[in-house]
Amino acid sequence: MKTLYNVGKIVNTQGIKGEVRVISKTDFPEERYKKGSTLSLFQDGKLVTDLTVASHRKHKNFDILSFENHPNINDVEKYRDGILKVSEDRLTELPQNEFYLHQIVGLTVQDEEKNTIGKISEVMSPGANDVWVIERPKKKDLLIPYIEEVVLDVDLENQLVTIHMMEGLDD
């Protein structure tokens, strides 16, 4: 079975012409919501249907989508609270040193001496760079910035991240 990734949630309809308001969960809305893209709609954890994007625009904090063969509000009202997903084979190839969230969360983190520090539990994006949250046994979580000076190597094959413990990181 193909792995599917959440790209957004339909929170409401928009107007009467079959548009829906989506709270986006993707870093690539232009790619995911472009005309002709196929999205899988899930409700209560079950696949309901595949939808083809007919149009996309931004409005306030929402992505507004319409789907082929869904010309009015009555066609899309039933999709409210649905989760839009994309299959793994439709993920975009990322540039070097960029990763999808699902590739990073769960990786084991070690220092340069190969001492295990913990596992990445979350990625936060508070500002200029991402911050990786490392869950450590019997210690409080360690927050590390995703910058070259700290994250030395990300080995997806071996599920391992090597970091340099800069002074002040573990205070």
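Just so you know, we're using this note's numbering here: the sequence shown kicks off at 89 and counts up by one. All C-beta atoms, glycine included, are put in the ideal place defined by N, C-alpha and C.
**Request:** For Phe187, I'd like the list of residues in its chain whose CB is within less than 8 Å of its CB, leaving aside the five on either flank, ordered along the chain.
**Result:** Counted from its first residue, the sequence shown places residue 187 at position 99. The answer, listed in chain order, is Val242, Leu244.
**Item:** Ordered list of alpha helix (DSSP H) runs contained in the region 170-229, each at least 4 residues
**Value:** 189-192
**Asked** Alpha carbon to alpha carbon, how far is Leu231 from Glu223?
**Response** As a first step, residue 231 is located in the sequence shown; it is residue number 143 there, counting from the start. As a first step, residue 223 is located in the sequence shown; it is residue number 135 there, counting from the start. So the alpha carbons of these two residues sit roughly 9 Å apart.
**Prompt:** Do you know whose CA, among Lys146, Ile235, Asp115, lies nearest Asn185's CA?
**Reply:** Taking the sequence shown and counting its residues from 1, the one referred to as residue 185 is at position 97. The candidate whose alpha carbon is nearest that of Asn185 is Ile235.
**Prompt:** Taking just the CA atoms, how far does Gln131 sit from Ile111?
**Reply:** Taking the sequence shown and counting its residues from 1, one reaches residue 111 at position 23. Taking the sequence shown and counting its residues from 1, one reaches residue 131 at position 43. So the alpha carbons of these two residues sit roughly 15 Å apart.
**Asked** Can you tell which of Asp151, Pro233, Lys97 has the C-alpha that lies nearest to the C-alpha of Gly256?
**Response** In the sequence shown, residue 256 corresponds to position 168, counting from 1. With distances taken between Cα atoms, Gly256 lies closest to Pro233.
**Cut-off 6 Å between Cβ atoms - residues of its own chain near Met31, not counting five sequence neighbours on either side** = Here the chain covers residues 89 to 259 and nothing more, so residue 31 does not appear.
**Prompt:** Does the distance from the CB of Thr101 to the CB of Val164 come in under 7 Å?
**Reply:** To locate residue 101, count along the sequence shown from 1; it is residue 13. To locate residue 164, count along the sequence shown from 1; it is residue 76. Yes, the Cβ-Cβ distance between Thr101 and Val164 is below 7 Å.
**Request:** Could you pull out every residue in the same chain whose Cβ sits closer than 8 Å to the Cβ of Gln198, ignoring the five residues on either side in sequence?
**Result:** As a working note, residue 198 is residue 110 in the sequence shown. Contacts found: Thr204, Ile205, Leu248, Val249, Thr250, Ile251.
**Prompt:** What number of angstroms, rounded off, separates the C-alpha of Tyr121 from the C-alpha of Ile104?
**Reply:** Position 33 of the sequence shown, counted from the first residue, corresponds to residue 121. Position 16 of the sequence shown, counted from the first residue, corresponds to residue 104. Roughly 20 Å between the two C-alpha positions.
**Message:** What does the Cβ neighbour count give for Leu195, buried or exposed, with the cut at 16 atoms within 10 Å?
**Reply:** For the purposes of this step, residue 195 is taken as residue 107 along the sequence shown, with counting starting at 1. When all chains shown are included, Leu195 counts as buried.
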